[in-house]
Amino acid sequence: MSDEWVEAAASPIVGEPRDLTPIIHEPGPQLPPSVQGPVDIALGAAVIVATPVIAVGKAAAYVAAPAAGAAWEFVKNPPLLPQSLTLGSMLDRLGERGRNVRQTATGDLTNATSDTLDAVVPGLVPGLVGQVVDRVDVTTLVLDVVDIDRIVTTALDGMDLTDVVVSRVDLDRIVTKVLDGMDLTEIVRTRVDMAGLAEDVIDDVDLPEIIRDSTTGVAADVINQGRLVALSGDELVNHWVDKFLLRRKKRQVDVPGVIEQQGPTS
Amino acid sequence: MSSRARHVPAESLPPAAVDIQGLRAGFISRLIAGGIDYATIAIVTIGAYVGLALLRFLIDPRSYRPPHWTFGTFVVVGLIFMVLYLWGCWATYGRTLGNRVLGLRVVARNGGRVHWFAALIRSIACTIVPIGLVWCAISRENRSLQDIVLRTSVVHDWPRSLADVEILNTSDRRLDLGHAGPTTPDA
């Protein structure tokens, strides 16, 4: 079933209309051959005999119809009789009564038919449908007759497939199963151009600039340390000289115009 | 001259050096800077000798003889180089190679760049009487004899990079240390 469906889906859905007769596997029930012949002969003879009789009857009725009509009218409504006692009146009453009976009977029959159908159909239809399905290649029939593409497109247009997948599919389980089943390292090794990727990365990263910056930073740190050592030497010399010269005030080392700063001096 | 504020990023300096920017430097810093300058000039002088020898060889290889330089010749040439070197550096960038390494700058009385003539006199004085630097240790203002005579100062000005130094010198001609107040106009 699934294979047929897949093949059908891959082929054009709406194609040339096909004759459905070949897909009916068996003809309906027939009389046995031994009975079929005599019955056909009898039917032929009856037709030959009946045809002229019917024709003569039709002609006689055509000729006698007007006179018969007048006679029948006279009989139904003879003169000099009360209307209630005429044949026509009695026939009308009889007809009325018969109509009532018929209507009652028809209603009962309808109800009885409905009840009968209700009782019979549930048992009959499944078997009947089974017989039909067995005798007809439903798949081929659907593929030929139904515009599946349109149905699927309409259905997909009407639903948020992403939402359906997110809400109804256990994605974690699927992803975990997929990942468990594959060797990612091997896939990357075989399918990814590692050399090209590395070149791209190196091209994007300005390696010389990074090296230059880091080198400059290290050199600057070394120079700053050297300056701080020299600064300590300055303070040491100033301290001892001032002590030797018995100075009590701090040195005036700020330069007017450069900075007015009350910072620590040596 | 433009008074555009030029801030030396204090965060790029060691914490101990932030507060001393713009103050006069002491004896040891200046001595080391001078030593570097002397070493530089010594290398340049020797290089000049080697260059002259190569030039002679290229001009007349057959009768080539190395230049006959006595010690006195080296000294005189070195002193000349020193004067030119100091003059050029102070009159343009305000600092020599030694000053650059030690984070020092020579400034005029008003804090600006030293006038070219004052720079020339100072370079001659420093070359001939280098001992004047010793007065820096004795002076209450950390000034050498040359500084006192020419009213110059050598201050701490640690550059973050060479680009900063060049911008500071070429655009503002002043020291503006960012955290200091407004600069005074050029004299």
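Protein sequences, first through last, are from chains A and B. Offset between the first sequence (1-based) and our numbering: plus 29. Offset between the second sequence (1-based) and our numbering: plus 1418. By construction, the Cβ of each residue, glycine as well, lies at the ideal position given by its N, Cα and C atoms. If you're wondering where the values come from, they're calculated on a predicted model, not measured in any experiment.
Only those residues of the region 1458–1486 of chain B whose C-beta falls short of 7 angstroms from the nearest C-beta of chain A would be listed, and there are none. Around B:Asn1560, the beta-carbon contacts reaching into chain A at under 7 angstroms are Arg280, Val282.
Residues of the region 239–260 of chain A that bring their beta carbon within less than 7 angstroms of a beta carbon in chain B comprise Ile252, Asn253, Arg256, Leu257, Ala259, Leu260, in sequence order. Here B:Val1436 carries a helix assignment [DSSP, helix/strand/coil]. Annotation: B:Leu1522 is outside any alpha helix (DSSP H); the continuous beta strand (DSSP E) that includes it extends over 1522–1525. Put simply, the CB of A:Asp263 is near chain B, with a gap under 7 angstroms to one of its CB atoms. Taking 4 residues as the shortest admissible run, the region 205–292 of chain A contains the following complete alpha helix (DSSP H) segments, listed from N- to C-terminal end: 213–220, 223–233, 236–273. Not flagged as an interface residue toward chain A: B:Phe1535, since no C-beta distance is shorter than 7 angstroms. In chain order, Gly1516, Asn1517, Leu1520, Leu1522 place their CB closer than 6 angstroms to the CB of B:Ala1451, counting only its own chain and leaving out the 5 sequence neighbours on each side. Chain-ordered, the chain B residues with CB closer than 8 angstroms to the CB of A:Val270 read Ala1555, Ile1556. By the C-beta criterion, the region 1537–1551 of chain B is judged to be in contact with the region 1499–1514 of chain B, since at least 3 inter-stretch pairs fall below 8 angstroms. Proximity of B:Leu1515 to chain A, defined by a Cβ-Cβ separation below 7 angstroms, is not satisfied. With the rule of 3 Cβ pairs closer than 8 angstroms, the region 1440–1457 of chain B does not count as touching the region 1481–1493 of chain B.
Put simply, the CB of B:Pro1432 is near chain A, with a gap under 7 angstroms to one of its CB atoms.
Residue pairing of B:His1574 in beta bridges, as defined by DSSP: B:Leu1522. A contact is defined here as three or more CB-CB pairs under 8 angstroms, and the region 1429–1446 of chain B meets this definition with respect to the region 266–285 of chain A. Not one beta carbon of chain A lies nearer than 7 angstroms to the beta carbon of B:Val1532. When B:Val1573, B:Ala1466, B:Gly1512 are compared, the shortest CA-CA separation from B:Phe1492 is found for B:Ala1466. Cα atoms of A:Pro111 and A:Gly117: separation of roughly 11 angstroms, rounded to the nearest angstrom.
Judged by DSSP in its simplified three-state form, B:Leu1441 adopts strand. Taking C-beta atoms as the reference points, B:Pro1433 and A:Asn253 fail to come closer than 7 angstroms. For B:Val1572, no Cβ of chain A is located within less than 7 angstroms of the residue's own Cβ. Selection B:Ile1446, B:Phe1499, B:Leu1497, B:Val1532 evaluated against B:Leu1568 yields B:Val1532 as nearest (Cα-Cα).
According to the DSSP assignment, B:Met1500 belongs to the alpha helix (DSSP H) that extends over 1489–1510. Residue burial annotation: B:Ile1459 is buried, with at least 16 other C-beta atoms found within 10 angstroms of its C-beta. Fully enclosed alpha helix (DSSP H) runs of no fewer than 4 residues are not present anywhere in the region 133–160 of chain A. Contact between the region 1546–1561 of chain B and the region 262–271 of chain A is present, with at least three C-beta pairs closer than 8 angstroms. According to the DSSP assignment, A:Arg179 belongs to the alpha helix (DSSP H) that extends over 177–186. Not a single C-beta of chain A is nearer than 7 angstroms to the C-beta of B:Ser1541. About 6 angstroms separates the beta carbon of B:Val1525 from that of B:Val1573, a gap short enough to meet the 8 angstroms contact definition. Excluding sequence positions up to five before and after B:Met1500, its CB lies within less than 6 angstroms of the CB of Ile1459, Thr1545, all in the same chain and listed in chain order. For the C-beta of A:Val266, the chain B residues within less than 7 angstroms are, from N- to C-terminus, Gly1444, Phe1445, Ile1446, Ala1555. Taking the beta carbon of B:Leu1520 as reference, the chain A residues within 7 angstroms of it are Arg256, Ala259, listed in sequence order. Note that the C-beta distance between A:Asn106 and A:Thr115 is below 7 angstroms.
For B:Gly1529, the nearest beta carbon of chain A is closer than 7 angstroms to its own beta carbon.
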